[in-house]
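S.K.:
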Amino acid sequence: MNEPVLTVEDLHVWFELERGGELHAVQGVSFELRPGERFGLVGESGCGKTTTILALMGLLPSSASVAGRVLLDGEDVLARGEQSVSPHRWTDIAMVFQGAMNAFNPVKRIGDQIAEPMKLHGLAEGRSTRQRVGELLERVGIPAARASSYPHEFSGGMRQRAALAMALACKPRVLLADEPTTALDVMVQAQILQLLAELADDFGLSLVLVTHDLPIVAQVCERAAVMYAGEIVETGSTDSLYHDPKHPYTRLLFSATPDLYGEEDVVSIPGTPPRLDRELVGCPFAPRCDRVFEPCASIAPPLRPTGAGHAAACHLNDPVMRVAS
Amino acid sequence: MSTIASGPGAAGAPGDPGDLPQARRRRGGVVWSIVRSRPQAAIAGNILLVTILVAIFAPFLAPYGPREKVGPPFAPPSAEFPLGLDDGGIDILSLIIYGSRVSLVVGFAAAAVAMLIGGAVGIISGYFGGKTDITLMRITDYFLVIPDVPLMIVIAAIWGRSLTNIIIIIGVIYWTGTARIIRAQVKSVRERVYIRRAQALGASDSRIIFRHVLPQVAPLLVANTVLTVAVAIFAETALAFLGLGDPSLVSWGRMIENAFVSNAISVDAWWAIAPPGIAVAVVILACTLLGTAIEDALNPRLRVGHLSVRRFRLRPVPKDAA
Amino acid sequence: MTSGNGSAPLLEVEDLVTSFPVPRGVVGTIRGRPKLAVEAVAGVSFSVRKGEMLALVGESGSGKTTTAQTILRLVKPESGAIRFRGEEITNASGRGLRSLRRHVQLIFQDPYESLDPRFRVRATVEEPLLVHGEGGGARERQRRVREALVRAGLTPPELFLDRYPHELSGGQRQRVAIAASLVLDPELLVADEPVSMLDVSVRAGILTLLDELRSSGLGILMITHDLSTAAHYADRIAVMYLGRIVEEGPARDVITSPKHPYTRALLSVVPQRDPRAAATPQILTGETPNPIAVPVGCRFHPRCPIAIPECRDVDPELRVPAGARAGHLAACIRA
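Residue numbers (the numbering used here), protein chains in the order written: chain V, 4 to 328; chain G, 24 to 345; chain A, 1436 to 1770.
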C-alpha cells in the first residue's frame, strides 16, 4: 500500500493587499505524502511554508484565493472551498500551530478544548469523551487528572503536548506541525520531537513538519522539501539534501547553520528574499546565488528530477542549459 | 548578471529593502494621516474648521452686533433676520456667530487644561508605577467621584462667574478620563524593548519620557483631547444655562438660558431656543466623531474582520505555471 | 583567536546572587505566610577578558538573562561582587553607574522591538552620544554615527541614516542596534540572544560581526540557549542550570569532553545537520524545576542520569575535575 495519503498538486495562494495588488505567497507547490512518512517543509520566514499547510487545512482568510488541488484519497478537498474541506479537518488532517502554546482559550479547561474537535464531528458523547480525553493526555505524557486544569496552569512544554493531544483527538491520518518546538528549550524540544516520532509510529500518522530549523528536519524526517519565495526549490531524502544538495540555496542554508562539532566556517547569505507582490522573472534565488550564470536571470528553472526521489529547481542541474551558456 | 555583494557581514543589497513595505514617510504625523484617510474624520474636521473660522471672523460675518437692538422682541425668522430676534430684539444669527467664540474658547481651553493635567498624571503614573502610581490613581478616583455640576455651582458661587473660572473648573474636573487612558497606554509602551534599551543606556527618565514615551502617546492624547473638547463645550453650555456663566459674554448656553428666563416658550419663539441648541449639538457631534475616528484608527484590535478564516476563494491555476 | 592576554579581566563576577520576592497576595499576607524570595541567580562567578567571548548557555529558568541584567545593574544584586576593569560596581550609583553604562553596552534579543519606531536610524545611533554628552558638536556626532554604522557593517552609511526601522530587515535592524552600542566605544558588549529572532541565513553575518568586534579588542558576553552557536563563536562557555554555573571552560573542551551530566545531556539532544550523525540522545524527564523549589543538595540530582545517594546531601563546588585541562571546571561530585 504505497499510495500517497496526501497529494498536493500545483498549489497557489494569493493574498489581497490592503494597499492594492496581490501577494503571491505560494507559487505552484506540489508534493506527495506517503502513509507513515515524516516529511519536512523547510524554509526561512516569508517562504510560504506556513501558508501552504494552512491551505491544506483550508484555514485561509477571505483575503486569500487558492488554486490547485489537494488530494486526500483521490478526492480534491479544495474543490468546493470550505464546504469540501471542513469534513476532513481534524478527522483526516489535523494541525499543531506555531505558538500552539498560546492557541488555547484561557478561560476553558484543557480537557474541554481537547474534546472540542471530537464533539464538532460527532465522534464522542458524554462519558466516553472524558475517557478518551484522559487517554489522549496520558499518551502525550500528561496525567489524565490535569484535564480539568486551565492553560495557564501548564508550562509551555505541557501546553504543546496538550495541543498534540487535541490534534489527535479525531484520529487523523495526517498531522501538520508548524514550528512545533520553536519557543521551547532544547531539552523540552527533544522530548516533544521524540513524542512526535512515537505518535507518528503508534497512530500510523503521516507527518508534515514545517520549520526553519534544518537540524530538526535532519533528525526527525526522512524526506524534506526546501522552500524559497513561495516555491519548492529542492526536494529529496534528508540524507541527500545534506550530503548531495542540488540547489545552491539548500547548500548555503546548511552552511549558514552552525553545527555542534563542525569546524567549517558558517556563512550568511547576503541579500534578502524577493518581494512576492510582483511578478518574478527568472530564478527567484538568482540575486543571492553564488553559482549564478547566464540563464538564471531570465528563465525560471522548473523543478526537475536529479536522481531517485530527488528534484531541484536549478539550471546547474540541466546539461542543456549549461552548454547553451 | 548580478554581482553578489559577498564577503562577511554584507548588509544586503544596499538601498533595496527587500520585500519590506514601501516607505511611508509620515508627513505631519499619524493624526493627520488618519484624518485624511477616513471620510468620517474629514467631515467632522471640516465642520470644526468652519466653526473655528466663524468664531475668528465673527465681527466680519455677523450682520449685526451682539447687543444691537434691531427690531421688536421675539420677532420671528424673516428674510431680514434669518433666525429671528430674541427677547431684547437682538439678531439671533449674530448672537449665534458671536456666541461661538465663548463656546469654542472655553471648550478648547478647558480641554487643554484637562489634557495637561490628565496627560501629566497619566504619564507619571504609568511610567513610574509603584507607590507613585497608586497615589496618583487614588487622587484620580477622588476627582472622578466628585459630581461635576454641583461642584461647578459651588465654585462659581464662591469665586464668581468669570470665563477663567469656568475654564479652570471644567478642566480640573474632566482630566481624569484622559489620565486613565494615557496611563494604560504608557504602561504598555514602557515595557517595550526600546525603552529598556534607553534605560540600559543610562538615559534619564525625563529624556525617555519626552523623547520616547510622549511621541508614542501623543496621538491618543490628541484623540482624547478632542473628545474632551466636546465634553467641555457641553459643560460650559450647561453652566451657562444654569446661570453660572459669565454674564458679560454671549455664549450659546447663555442664549438658551436667556430664552428660558424670558419665557420664549410661552410665546412659541422656538427660534430663540433651537438654534443655539443645534449649534452646540453640531459642534459636539463633530468633536466626538473626529475623536472616536482617531481613537479607532489607533486601536487596530477593534478590527476583527481579519480573524475570520475559512472564507478563502478558489481560482483557476495560472496558465504559465512551471 | 586572541583570547585575552593574561592581564586583569574586563569583567569579574564573584558569587553573584540576585533574588526576586515572590508576591504573597492578600491572602498570603493575611495568613502570615513567610516572605519568599526566588534566587534567580544563586552564586555565580566568572570573568570576561578583553578580546574574549564568553557564552552563557542555559535553558529557561537557568538565570542567564537575569545575570546579564544584574551585571548591567538593571536589577539590584542581593549579594556578591561585580567588578569592571577592577573597579567595584556592585553598589555603584549616580556617576559610577553612568560611567558603567558608557563602557558596557547591551544588545537585545528582539531587533523588531529594540529600535524606537519613530526615530530614524541617525537619531537612534546618535542618542547614546547625547545621553552621555559626548561628541563635540553636531558634525562631530554625525561623524561618529557614520563610523559606528560602518563598523556594524551598514555601508554606505548614507543609505541608512534617514531610514525608519520598519524600512529595514531584521538583520539590518540588529546592526543598527549594534551600531548604537558601538558609538560610545564601549569595552564590553553583553548580547542577549542576539540572533535568535533572525532568519538562519542572516545569523552568521551578525555573529561574524560580533566575532570581529571581539578580535578588535572588545569583550563579549553572549547569552544564548543555542549550544551550536556557542560552540562555534565563543572562546569560553559557561553552562547554567537553576541559577548556578554547572560547567565552564574553553569552548572546544566543554563541547567535546563535557564533564557535567547536564552538559552531556544537553549536548546529546542538540539536533545536528547531518542525518547520519550518530545520536544517542539523553532525553531528561520533566522540565527544569521552578526556582522557588530548588532541590536540596545538588540542584540537578532529581533529573540526573548518574545521580547517586550522595548527590542529595552535597552541593558540589565548581572545580577542575580529574582529567580536565586547566580552566575547565564542573560542579559534580562524580566528575
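Using N, Cα and C, we set each Cβ at its ideal position, and we do this for glycine too. Owing to the predicted nature of the structure, the values given are computational and were not obtained by experimental measurement.
Who pairs with Ala97 of chain V in a beta bridge, going by DSSP?
M.R.: Looking up residue 97 of chain V in the first sequence gives position 94. Answer is V:Leu178.
S.K.: Return the chain-ordered ranges of every beta strand (DSSP E) run that is complete within the stretch 137-201 of chain V and spans a minimum of 3 residues.
M.R.: 177-181
S.K.: With a cut-off of 8 Å, do at least 3 Cβ pairs link the stretch 1503-1510 of chain A to the stretch 1442-1457 of chain A?
M.R.: Cβ pair count under 8 Å is three or more, so yes.
S.K.: Less than 7 Å between CB atoms is the rule here; does Leu1600 of chain A satisfy it with respect to chain V?
M.R.: For the purposes of this step, residue 1600 of chain A is identified with residue 165 of the third sequence, where counting begins at 1. Correcting the residue type first, residue 1600 of chain A is Pro in the shown sequence and not Leu. Output row for Pro1600 of chain A: interface = no.
S.K.: Using a C-beta cutoff of 7 Å, does Asp1670 of chain A count as contacting chain V?
M.R.: To locate residue 1670 of chain A, count along the third sequence from 1; it is residue 235. No, no contact with chain V.
S.K.: Sorted by chain position, which residues of the same chain lie with C-beta nearer than 7 Å to Leu217 of chain V's C-beta, five sequence neighbours on each side aside?
M.R.: Locating residue 217 of chain V in the first sequence gives position 214, where the first residue counts as 1. If we look at Leu217 of chain V and ignore the five residues flanking it on each side, its Cβ neighbours are Val45, Leu256, Phe257 and Thr260.
S.K.: Would you report the Cα separation of Phe151 of chain G and His1667 of chain A, rounded to the nearest angstrom?
M.R.: The sequence position of residue 151 of chain G within the second sequence is 128, counting from 1. The sequence position of residue 1667 of chain A within the third sequence is 232, counting from 1. Rounded to the nearest angstrom, the two C-alpha atoms are 42 Å apart.
S.K.: According to DSSP, is Ile113 of chain G part of a helix, a strand, or is it coil?
M.R.: The sequence position of residue 113 of chain G within the second sequence is 90, counting from 1. Judged by DSSP in its simplified three-state form, Ile113 of chain G adopts strand.
S.K.: What in chain G is Cβ-close to Glu85 of chain V, meaning under 9 Å?
M.R.: As a first step, residue 85 of chain V must be located in the first sequence, where it is residue number 82. The contacting residues are Arg333, Arg334 and Phe335.
S.K.: Mind checking whether Val303 of chain G and Val54 of chain G have CB atoms under 7 Å apart?
M.R.: Taking the second sequence and counting its residues from 1, one reaches residue 303 of chain G at position 280. Taking the second sequence and counting its residues from 1, one reaches residue 54 of chain G at position 31. Not in contact: Val303 of chain G and Val54 of chain G (Cβ atoms no closer than 7 Å).
S.K.: So, Val273 of chain G versus Gly122 of chain G, is the Cβ gap smaller than 7 Å?
M.R.: Within the second sequence, the letter at position 250 stands for residue 273 of chain G. Within the second sequence, the letter at position 99 stands for residue 122 of chain G. Yes, they are a contact pair.
S.K.: List, in order along the chain, the chain V residues whose C-beta lies closer than 9 Å to that of Pro62 of chain G?
M.R.: Walking along the second sequence from the start, residue 62 of chain G turns up at place 39. Neighbours of Pro62 of chain G on chain V: none; closest Cβ ~17 Å, over 9 Å.
S.K.: Assign Phe80 of chain G to one of two classes, buried (16 or more other C-beta atoms within 10 Å of its C-beta) or exposed (fewer than that).
M.R.: Start at 1 with the first residue of the second sequence, and residue 80 of chain G comes out as number 57. Exposed, since its Cβ has fewer than 16 Cβ neighbours within 10 Å.
S.K.: Determine whether the beta carbon atoms of Ser65 of chain V and Arg334 of chain G lie at a separation below 7 Å.
M.R.: Translated into the one-based positions of the first sequence, residue 65 of chain V becomes position 62. Translated into the one-based positions of the second sequence, residue 334 of chain G becomes position 311. Going by C-beta atoms, Ser65 of chain V is nearer than 7 Å to Arg334 of chain G.
S.K.: Mind reading off the beta-carbon distance from Ala1614 of chain A to Ala1587 of chain A? Whole number of angstroms is fine, and I expect it under 8 Å.
M.R.: Residue mapping note: residue 1614 of chain A aligns to position 179 of the third sequence, counting from 1. Residue mapping note: residue 1587 of chain A aligns to position 152 of the third sequence, counting from 1. Sure, about 4 Å apart at Cβ, within 8 Å.
S.K.: Considering Cα atoms alone, identify which of G:Gly111, G:Ala258 and G:Leu321 is closest to Val240 of chain G.
M.R.: Taking the first residue of the second sequence as 1, we reach residue 240 of chain G at position 217. Val240 of chain G has its Cα closest to that of G:Leu321, out of G:Gly111, G:Ala258 and G:Leu321.
S.K.: Helix, strand or coil: how does DSSP classify Gly1515 of chain A here?
M.R.: For the purposes of this step, residue 1515 of chain A is taken as residue 80 along the third sequence, with counting starting at 1. In the structure shown, Gly1515 of chain A sits in a strand (DSSP, three-state: E or B).
S.K.: Which residues, in chain order, does the stretch 188-213 of chain V contribute to contact with chain A at a C-beta distance below 9 Å?
M.R.: Listed by position along the chain: Asp188, Val189, Met190, Val191, Gln192, Ala193, Gln194, Leu196 and Gln197.
S.K.: For a cutoff of 7 Å on Cβ pairs, would you count Val212 of chain G as touching chain A?
M.R.: Numbered from its first residue, the second sequence carries residue 212 of chain G at position 189. Chain A contact via Cβ: absent.
S.K.: Strictly under 7 Å for the Cβ-Cβ distance: is Val340 of chain G near chain V by that measure?
M.R.: In the second sequence, counting from the first residue as 1, residue 340 of chain G sits at position 317. It does; some Cβ of chain V falls within 7 Å.
S.K.: Should Glu6 of chain V be flagged as near chain A, meaning a C-beta pair shorter than 7 Å?
M.R.: Within the first sequence, the letter at position 3 stands for residue 6 of chain V. No, because no Cβ of chain A sits closer than 7 Å to the Cβ of Glu6 of chain V.
S.K.: Give the interface partners of His1667 of chain A over in chain V, defined as CB-CB distance under 7 Å, in chain order.
M.R.: Within the third sequence, numbered from 1, the residue matching residue 1667 of chain A stands at position 232. Here the neighbours are Pro261 and Val269.
S.K.: When you compare the CB positions of Pro251 of chain V and Arg294 of chain V, do they come within less than 7 Å of one another, or not?
M.R.: What you label residue 251 of chain V is simply residue 248 of the first sequence in a count that begins at 1. What you label residue 294 of chain V is simply residue 291 of the first sequence in a count that begins at 1. Yes. Within cutoff.
S.K.: Assign Val1476 of chain A to one of two classes, buried (16 or more other C-beta atoms within 10 Å of its C-beta) or exposed (fewer than that).
M.R.: Walking along the third sequence from the start, residue 1476 of chain A turns up at place 41. Burial call: buried.
S.K.: Please report how far the alpha carbon of Pro1710 of chain A lies from the alpha carbon of Thr185 of chain V, in whole angstroms.
M.R.: Taking the first residue of the third sequence as position 1, residue 1710 of chain A is located at position 275. Taking the first residue of the first sequence as position 1, residue 185 of chain V is located at position 182. Looking at the two C-alpha atoms, the distance is approximately 20 Å.
S.K.: Residues of chain G with a CB under 8 Å from the CB of Ala1563 of chain A: which are they?
M.R.: As a working mapping, residue 1563 of chain A is identified with position 128 in the third sequence. The residue you asked about is not Ala; residue 1563 of chain A is Pro in the sequence shown. Those are Leu224, listed as they occur along chain G.
S.K.: Given a cut-off of 7 Å, decide if Gly276 of chain G and Thr201 of chain G are closer than it, judged by their beta-carbon atoms.
M.R.: Here the question's residue 201 of chain G lines up with position 178 in the second sequence. Here the question's residue 276 of chain G lines up with position 253 in the second sequence. For Thr201 of chain G and Gly276 of chain G, no; Cβs fall outside 7 Å.
S.K.: Hey, does Val1473 of chain A have any beta-carbon neighbour from chain G nearer than 7 Å?
M.R.: Sequence index remark: in the third sequence, residue 1473 of chain A carries index 38 (1-based). No, Val1473 of chain A does not count as interfacial toward chain G.
S.K.: With distance defined between alpha-carbon atoms, name the residue in V:Cys292, V:His246, V:Ser243 and V:Cys173 nearest to Tyr231 of chain V.
M.R.: Along the first sequence, read from residue 1 onward, the residue named residue 231 of chain V stands at position 228. Looking at the Cα atoms, V:Cys292 is the closest of the given residues.
S.K.: Gly160 of chain V versus chain A: which residues are under 7 Å apart at the beta carbon?
M.R.: Locating residue 160 of chain V in the first sequence gives position 157, counting from the first residue. Glu1722, listed in chain order.
S.K.: So is Asn108 of chain V buried or exposed if we call it buried at 16+ other beta carbons inside 10 Å?
M.R.: Along the first sequence, read from residue 1 onward, the residue named residue 108 of chain V stands at position 105. Its Cβ having fewer than 16 others within 10 Å, Asn108 of chain V is exposed.
S.K.: Along the alpha helix (DSSP H) that carries Gly1531 of chain A, what are the first and last residues, could you check?
M.R.: Locating residue 1531 of chain A in the third sequence gives position 96, counting from the first residue. Residues Arg1530 to His1538.
S.K.: In the stretch 1506-1534 of chain A, which residues sit with their C-beta less than 8 Å from some C-beta in chain G, listed in chain order?
M.R.: Leu1507, Leu1509, Leu1532 and Arg1533
S.K.: How is Asp319 of chain G classed by DSSP in three states: helix, strand or coil?
M.R.: Translated into positions along the second sequence, residue 319 of chain G becomes position 296. Helix, per DSSP.
S.K.: Below 7 Å between beta carbons: does that hold for Arg1581 of chain A and Pro1592 of chain A?
M.R.: Translated into the one-based positions of the third sequence, residue 1581 of chain A becomes position 146. Translated into the one-based positions of the third sequence, residue 1592 of chain A becomes position 157. Yes, the pair counts as a contact, with Cβ atoms nearer than the cut-off.
S.K.: In whole angstroms, what is the alpha-carbon distance linking Gly24 of chain V and Ala64 of chain G?
M.R.: Along the first sequence, read from residue 1 onward, the residue named residue 24 of chain V stands at position 21. Along the second sequence, read from residue 1 onward, the residue named residue 64 of chain G stands at position 41. Their Cα atoms are separated by approximately 26 Å.
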